[in-house]
Every structure is written in structure tokens, then in C-alpha cells.
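See below for the structure under consideration.
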Amino acid sequence: MGEKLDVWQGTLALMVLRTLEVLGPVHGYGIARRIEETSKQRIALNYGTLYPALIKLEQEGFIKGAWAASENNRRAKYYTITAAGRKQLARETREWQQTADLMAAFFALRPEAT
Numbered sequence: 010m011g012e013k014l015d016v017w018q019g020t021l022a023l024m025v026l027r028t029l030e031v032l033g034p035v036h037g038y039g040i041a042r043r044i045e046e047t048s049k050q051r052i053a054l055n056y057g058t059l060y061p062a063l064i065k066l067e068q069e070g071f072i073k074g075a076w077a078a079s080e081n082n083r084r085a086k087y088y089t090i091t092a093a094g095r096k097q098l099a100r101e102t103r104e105w106q107q108t109a110d111l112m113a114a115f116f117a118l119r120p121e122a123t
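Mapping of the sequence shown onto this note's numbering: position 77 corresponds to residue 86, and the numbering continues sequentially without gaps.
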């Protein structure tokens, strides 16, 4: 397996919001595993990275958490995306698409014939 990638500033929140939009209510461990799976194991998330992001998203009103029993009957906090979170996800998705389109234009440049 190749080297693990760092999570770029500002991308973890987008990954969390998209994961919750797709999966519905999920606990933190499940979110981390799904992000790792989606990245084909190129990203490794630890509690020190994920949980501060979840707390921040919850404080901003983009997700909400509720305690419930997990699949193995342990107490876990399940997170869901809120209406504000869906709006934020749409906004950030547009911004990332614009950035990707901009970068694609530069990658498509070819040397001029001399």
C-alpha cells in the first residue's frame, strides 16, 4: 500500500458532511471507516483528527448528534446532517468543483510550438 495522504485543510468537514448525506445516521467510528474506505485506504483518520471536526460541525449546526446503542450494544453518538449542513455541503461542493475545473484548465496546458 502506498503512503497515506494528509487531509487537506477544510476537506475533512466536506467528507464528513457528504458521508452523512449518503449514509444517514452514523457514529464517529463508522464515519472514519467510511472515509478511509472511500479513499481506498489512502487516508487514515484518528480520533484526534475526526472528533474535533465533528464537534466543530455540531457547534456550527451542520450536524447533530444523539446517543444510542451501537451494533455491538455499546453507547455511541450517532451523527446526522442538518438542513444547514446540506446547504453548506452544496456550497462547498460548488466551490470544490470550480477549483477542480480551474486546475484542470492548467493541467491541460500544452507547450506552445516554437
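Cβ atoms here follow ideal geometry from the backbone N, Cα and C, with glycine treated the same way.
| Asked | Found |
| --- | --- |
| Under the three-state DSSP convention, the category Lys-65 falls into | helix |
| Lys-96 (DSSP reduced to helix, strand or coil) | helix |
| Segment contact, 8 Å Cβ cut-off, at least three pairs: the region 103-117 with the region 72-89 | no |
| Cβ-based burial, Thr-28 [other Cβ within 10 Å; buried from 16] | buried |
| Buried or exposed by the 16-neighbour rule on C-beta atoms within 10 Å, applied to Glu-46 | exposed |
| Anticipated Cβ contact below 8 Å, Ile-72 with Thr-89, distance rounded | 7 Å |
| Within-8 Å CB hit, Thr-47 to chain B | Reference to chain B is not applicable here, since this structure consists of a single protein chain. |
| Alpha carbon of Ile-44 to alpha carbon of Phe-115, nearest angstrom | 28 Å |
| Cβ-Cβ distance between Glu-101 and Leu-23 below 8 Å | yes |
| C-beta atoms of Lys-13 and Arg-51 nearer than 8 Å | yes |
| C-beta atoms of Leu-63 and Gly-37 nearer than 8 Å | yes |
| Residue(s) in a DSSP beta bridge with Thr-89 | Lys-73 |
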